[in-house]
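Working notes for the structure below.
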């Protein structure tokens with residue numbers, strides 16, 4: 002089967018099979034999704050890892066053999082990944098059918114060298130390495146070998162099943178299992194918890210009024226057409242050196258408050274965005290900066306904090322700051338970093354999560370999305386930062402040269418950055434940026450050169 006992934010150069014699918022959990026004691030069950038799962042929606046997402054040619058004595062056949070032999074054991078822990086997404090006949094809502102139908106394992110060949118791809122553009126490189134899979138499949142592992150001997154591993158799932166924390170945890174436990182032969186509980190004691198009833202709505206549901214403004218119905222009729230969306234954004238890949246992050250952090254800190262790496266880079270981005278918006282031919286006075294926030298470690302009630310140690314499922318919220326262009330441009334980097342800190346730090350997450358659960362309960366079946374992310378109102382740049390999640394990509398064949406999430410933004414008209422730590426562990430960041438062309442031009446023309454276009458040379462893939 003040839004899949005035309007690189008124009009005239011295709012991906013040849015060598016095999017496609019199902020891998021089932023190996024524990025016969027796991028009973029078939031239907032897992033109702035929590036309201037936090039329904040909030041993020043039915044969206045296919047993935048993490049892509051690129052590896053140079055394996056060390057001497059190892060080859061791609063060994064990579065495939067490792068997955069074939071060990072993946073069933075890890076699916077025992079992550080058994081929803083061996084299930085399917087179904088529809089509840091009574092409510093019409095999605096649910097997890099955990100009957101060990103099997104995760105998908107795809108093996109393919111690519112007729113180009115990994116180092117020949119244009120890594121400055123996501124749609125010319127990373128996004129060409131994801132093969133389509135059925136919408137009801139909860140987990141598709143895709144292994145591709147390249148002409149140079151290098152290979153890629155794509156871990157694809159559905160956001161309904163879990164969030165970025167869950168996907169990174171799977172990668173860590175996979176690497177540990179492959180290297181040591183042991184499955185080590187990650188994030189707490191004992192096995193993962195798949196009890197999604199932790200997040201129950203109140204009776205009757207009750208929520209803060211601001212949620213009705215911050216969230217909107219995700220209705221295709223309210224989105225711009227595909228040509229407008231396509232021509233309004235570019236899909237860039239960048240890297241940020243650790244030294245540049247450290248320099249921004251010093252500039253964004255004061256004697257009384259040391260900014261985090263995320264806050265420092267966010268302040269820089271907010272100021273650049275404000276400058277771009279201010280130069281627009283269409284008058285606009287404000288712009289926004291948003292962040293997807295993992296609430297797991299921010300929940301403080303004893304019951305929730307205990308449940309989160311091993312919880313498998315979505316616990317992600319969204320926070321944003323909204324300010325005038327004049328204020329952002331006038332203030333120092335440290336002052337803007339404080340503005341970036343406040344929307345995330347000021348939230349009582351126990352209360353907010355409960356309000357969000359109740360809001361989804363009232364609006365079930367409507368499909369929800371953050372109003373700012375849809376693209377309504379003033380320009381918004383949102384970020385998902387995976388730097389805080391420890392990442393281990395070495396499953397016996399060395400660390401990956403790149404490990405990044407892959408997403409599709411369809412008709413959305415807000416900008417989005419996905420930030421990941423470089424697997425080498427040197428403190429540098431890899432950035433996938435779905436942004437306006439003028440914002441990309443401003444970042445690339447900035448004399449500080451914080452955002453540098455990603456290259457095969459930087460990734461160490463020129464020999465691949």
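In our numbering, the protein residues as written are 2 to 465.
Note that the Cβ used here is the ideal one computed from N, Cα and C, for glycine as well.
Relative to the C-alpha of residue i, which candidate in the options has its C-alpha closest?
i	options	result
residue 246	254, 228, 266	266
residue 78	192, 293, 374	192
residue 346	304, 385, 296	296
residue 462	364, 126, 115, 210	115
residue 385	137, 113, 165, 31	165
residue 228	411, 449, 33	411
residue 231	437, 426, 83, 69	437
residue 407	398, 431, 396	431
residue 262	387, 157, 83	387
residue 138	213, 183, 62, 99	99
residue 93	33, 145, 128	33
residue 449	354, 413, 214, 269	269
residue 81	60, 141, 152	141
residue 64	399, 444, 320	399
residue 152	364, 53, 285	53
residue 236	220, 418, 31	418
residue 102	291, 29, 132	29
residue 133	442, 223, 409	409
residue 146	299, 194, 61	61
residue 194	257, 272, 312	312
residue 322	363, 89, 271	271
residue 148	440, 215, 113	113
residue 216	85, 274, 403, 373	373
residue 24	59, 401, 83	83
residue 51	443, 59, 91, 127	127
residue 257	353, 364, 85, 335	335
residue 224	439, 26, 414, 446	414
residue 427	27, 445, 90, 403	403
residue 181	433, 67, 304	67
Opposite residue i in the DSSP bridges: which residues?
i	result
residue 109	14, 145
residue 384	292, 418
residue 33	96
residue 45	159
residue 321	291
residue 434	237, 418
residue 312	194
residue 406	48
residue 87	96
residue 104	20
residue 154	50, 144
residue 138	85
residue 115	Bridge partners of residue 115: none, in fact.
residue 72	Looking at the DSSP assignment, residue 72 forms no beta bridge with any residue, so it has no partner.
residue 217	370
residue 122	237
Would you please state the rounded distance, in angstroms, between the beta carbons of residue i and residue j? I believe it to be under 8 angstroms.
i	j	result
residue 158	residue 294	With 8 angstroms as the limit, residue 158 and residue 294 do not qualify as a contact, their Cβ atoms being about 20 angstroms apart.
residue 197	residue 87	Wrong, their Cβ atoms sit about 15 angstroms apart, outside the cutoff.
residue 397	residue 179	5 angstroms
residue 429	residue 338	That belief does not hold up - the Cβ atoms of residue 429 and residue 338 are roughly 20 angstroms apart, past 8 angstroms.
residue 19	residue 105	6 angstroms
residue 324	residue 344	No, residue 324 and residue 344 are not in contact; Cβ-Cβ is about 10 angstroms, not under 8 angstroms.
residue 342	residue 264	5 angstroms
residue 1	residue 21	Outside the shown range of the chain, which is 2 to 465, sits residue 1, and nothing can be said about it.
residue 288	residue 300	30 angstroms between Cβ atoms; not a contact.
residue 354	residue 234	The Cβ separation is near 31 angstroms, so there is no contact.
If you scan the segment 332–381 from start to end, which runs of the alpha helix (DSSP H) of 4 or more residues do you find wholly inside it?
Runs found: 334–346, 350–363, 372–375.
Is the segment 328–336 close to the segment 369–379, with three or more CB pairs under 8 angstroms?
Three or more beta-carbon pairs separated by less than 8 angstroms are not found between the segment 328–336 and the segment 369–379, which leaves the two stretches without contact.
Can you confirm whether the segment 14–22 touches the segment 96–112 when touching is taken to mean that 3 or more C-beta pairs between the two stretches lie within less than 8 angstroms?
They touch, by the three-pair rule.
Does the segment 194–210 come close enough to the segment 348–362 to have 3 or more Cβ pairs within less than 8 angstroms?
They touch, by the three-pair rule.
Does the segment 388–395 come close enough to the segment 417–435 that 3 or more CB-CB pairs lie under 8 angstroms?
Between the segment 417–435 and the segment 388–395, the count of Cβ pairs shorter than 8 angstroms is three or higher; the stretches touch.
Can you find at least 3 beta carbon pairs, one from the segment 446–456 and one from the segment 114–130, that sit closer than 8 angstroms?
Enough Cβ pairs lie closer than 8 angstroms, so yes.
Quick one: any contact between the segment 34–47 and the segment 360–369, if contact means 3 or more CB pairs under 8 angstroms?
The segment 34–47, when compared against the segment 360–369, does touch it at the 8 angstroms Cβ threshold.
Hey, which unbroken runs of the alpha helix (DSSP H) at 4 residues or more fall wholly within the segment 439–465?
Complete alpha helix (DSSP H) runs here, min 4: 457–460.
Is the number of C-beta pairs between the segment 150–165 and the segment 23–41 that are closer than 8 angstroms three or more?
Short answer: they touch.
State whether the segment 167–180 contacts the segment 56–75, with contact taken as three or more CB pairs (one from each stretch) at a distance under 8 angstroms.
Three or more Cβ pairs closer than 8 angstroms define a contact, and the segment 167–180 meets that threshold against the segment 56–75.
Which residue spans inside the segment 248–296 form an unbroken beta strand (DSSP E) run of at least 3?
Those beta strand (DSSP E) runs which fall completely within the segment 248–296 and span 3+ residues are 287–295.
If you pair each beta-carbon of the segment 233–242 with each one of the segment 443–454, do three or more pairs fall below 8 angstroms?
In this structure the segment 233–242 lies against the segment 443–454, because at least three pairs of beta carbons, one per stretch, are closer than 8 angstroms.
Decide yes or no for the touch test of the segment 301–321 against the segment 144–158: beta carbon pairs closer than 8 angstroms, at least 3 of them.
Output reads no: the segment 144–158 does not touch the segment 301–321.
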